[in-house]
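> Let me give you the structure first, and then I'll get to my questions.
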Amino acid sequence: MDDMDQKCKSYRVPPSMSLTQGAEAADGESCRTSFGNFSADEYCPAVWDKVLCWPPTRRGSVSSLSCPYHLGLDTTRYVTKKCLETGRWEGKGLAGWTNYTPCYSTEMLHLYRKLFSGSSPKDAAEMKIEIAERTRSLEFVGFSVSLAALIVSLVIFSYFRVLKNNRTKIHKNLFVAMITQVVIRLTLYIDQAVIRSKNSRSHGIDNTPILCEAAYVLLEYARTAMFMWMFIEGLYLHNVVTVRVFQEKFHYRLYTGIGWGVPVAMTATWAAISASQMKTKCWWGYNFTIYFWILEGPRVAVILLNFLFLLNIIRVLVVKLRQSRTSEVEQARKAVRAAVVLLPLLGITNLVNMMEAPLDRQVWEFAAWSYTTHFLTSFQGLFVAVLYCFLNGEVRAAVKKSVYIYFLLRPGQFTPRRNSAFVSAACPQPPELPPE
């Protein structure tokens, strides 16, 4: 083997090298100069195919490089390029054609096959991609509105003493889990939008190893915590209504362990397996793998359990209301009113979101699924805030009282002593919460 053959064989793009790192290191000119403008009749020339720099290759042979570090590509595989007997690269033009097909992960190939299936695959695929881009804008609006609503609700529950009870403790933890998830999603969406606007792939979270994986691990942890606190919402309400003994003791430490501790174990297990098995950039396509059911399985179980809780709660309330209409039963009925609407809504929303996108169906079917799913998913924080906080009778009474007192006691208008009796009469205490 001569020196040139040795140089060509040893020239490989490291698996950790990103698509744009290759672009920065080797454009058309620098690719050729990397080999000293080597030229020989028995070799195809060094060439830049806009992704990788290919070294001079002997006629009639196939050159291979490690697959680039890019979304949906497996960096443990190799991309190939054939040098013809004529001394030219196979394909049209000076750069020829490069076979990147072996680089695509199984998940990426599956998506491509579904996307480009049908009678007019190219036109339909382009329309579906446009729909996906529009729904990203819808998601951005929905998550932003949800974030604002959740933060306002969290402030209200934390500020007013009269609202500090066992039930609102659970609400606040659910809000924190949802806020964490929304903040991470918005951060990723903004980062991706900025990178695309600059037409660059050399920076950003998605192009930063370890940081990107860490962001998605934290996102999945927040999602799992949200599901666990949804489960606790259903469990607590079920116990309050149906099991008398639980009304006297509040197991907050147990709930905290379930809500925040269990997701740590689940997410850590999934992340460890994904780190050892996933070879694509930023674990692209992790939600299509069998390992993802480490997280999705318990989430589905939570949705089903909450439906069972809800059915039993309704059954018990119907029986109690038929027997008697005591104040305790009426308070319990009011307490579950929001849950009767919210738990099915969240359950249906998250079940639909777990379904695989119907990329192989008609454009209108994909559009209906996409807009419905992303609307419900992105606005679910708003739904939770409205039903648990903004429409809650105790919350509205507490806020009205606070606002009324603020305007009564504004400097230069009224004195607290003169109007204290009036304030007490005009601003009665909010109604008592159901027994905890």
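For the sequence shown, my numbering begins at 49 and goes up steadily by one. Each residue gets a CB set at the ideal place from its N, CA and C atoms; glycine is no exception.
Report the rounded CA-to-CA distance for Glu268 versus Ile453, giving the unit in angstroms.
Approximately 44 Å between the Cα atoms of the pair.
> Kindly confirm or deny that the region 117 to 131 and the region 147 to 154 touch, where touching means at least three C-beta pairs closer than 8 Å.
yes
> Indicate the three-state DSSP secondary structure (helix, strand or coil) for Trp308 in the structure shown.
Helix at Trp308.
> Buried or exposed: which applies to Phe205, given that a residue is buried once 16 or more other Cβ atoms fall within 10 Å of its Cβ?
Flag for Phe205 reads buried.
> Measuring from the CB of Ser450, is there a heavy atom of the ligand GDP at a distance below 7 Å?
For the ligand GDP, the structure offers nothing, since it holds no ligand at all.
> I need the straight-line Cα distance from Glu344 to Gly108, nearest angstrom please.
50 Å
> So, for Ala273: in the same chain, excluding its five sequence neighbours on each side, which residues have a beta-carbon less than 7 Å away from its beta-carbon?
Ala225, Gly307, Trp308 and Pro311
> Let me confirm a value: Arg397 is counted as buried when at least 16 other C-beta atoms fall within 10 Å, else exposed. Which label applies?
The question names Arg, but residue 397 is Thr in the sequence shown. Buried.
> Going straight from the alpha carbon of Lys129 to that of Leu100, what length do you get?
11 Å
> Rounded to the nearest angstrom, what separates Ile361 and Thr290 at their Cα positions?
A straight line joining the alpha-carbon of Ile361 with that of Thr290 spans about 7 Å.
> Could you give the first and the last residue of the continuous alpha helix (DSSP H) run that contains Leu516?
The requested residue 516 is not part of the displayed model; the chain covers only 49 to 484.
> Return helix, strand or coil for Leu456, following the three-state DSSP convention.
helix
> Can you tell me whether Tyr148 is helix, strand or coil according to DSSP?
coil
> Comparing alpha-carbon positions, which option in Asp97, Trp102 and Lys98 lies nearest Tyr91?
Comparing Cα-Cα distances from Tyr91 to each of Asp97, Trp102 and Lys98, the minimum goes to Trp102.
> On a CA-only basis, which of Trp277, Lys327 and Ser322 is nearest Ala305? Give me that one, please.
According to the sequence displayed, residue 305 carries Gly and not Ala. The option with the nearest alpha carbon to Gly305 is Trp277.
> Using only the alpha-carbon positions, how far apart do Thr183 and Thr134 sit?
Going from the Cα of Thr183 to the Cα of Thr134 covers about 50 Å.
> What is the DSSP secondary structure of Ser201, counted as helix, strand or coil?
helix
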